[in-house]
Amino acid sequence: MKVGGLTIKPGDLIHGDCNGVTTIPIDIANKVAALCEHYVDAEAIILNYLKSDQVTPQGLGEALQECRRTLQQLADGLKQ
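Put into structure tokens, the structure is as follows:
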């Protein structure tokens with residue numbers, strides 16, 4: 291089934307917040323729940339950088355790359 295362009299399978303969990311909506315396959319739901327705090331920490335890399343006094347395009351790029359690396363590590367952990 292598709293809702294607003296999002297494919298939803300029977301048993302999927304749906305998560306929505308101010309940033310959007312996504313599905314969480316039930317077979318990885320426990321792992322996702324355990325990683326939520328780490329996900330927030332990864333987002334904080336960018337948010338904390340933007341709160342600093344010396345924001346530059348290069349520095350933002352570096353913060354984004356660090357955040358992406360951290361999120362990729364989390365995604366890789368879900369696959370194991």
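Under this note's numbering, residues 291 to 370 are what the sequence shown spells out, in order.
Backbone N, C-alpha and C define an ideal beta-carbon position, used for all residues, glycine too.
Owing to the predicted nature of the structure, the values given are computational and were not obtained by experimental measurement.
What three-state label does DSSP hand Val311 in the structure shown? strand
Assign Ile336 to one of three DSSP states: helix, strand, or coil. helix
C-beta contact flag for Ile336 and Ala353 at 7 angstroms: yes
Please state the DSSP three-state secondary structure of Ile298. coil
For the alpha helix (DSSP H) that Asp366 lies in, which residues bound it at each end? 347-369
From Gly294 to Pro300, what does the alpha carbon distance come to, in whole angstroms? 16 angstroms
Considering only the beta carbon of each residue, do Cys357 and Ala332 sit closer than 7 angstroms? yes
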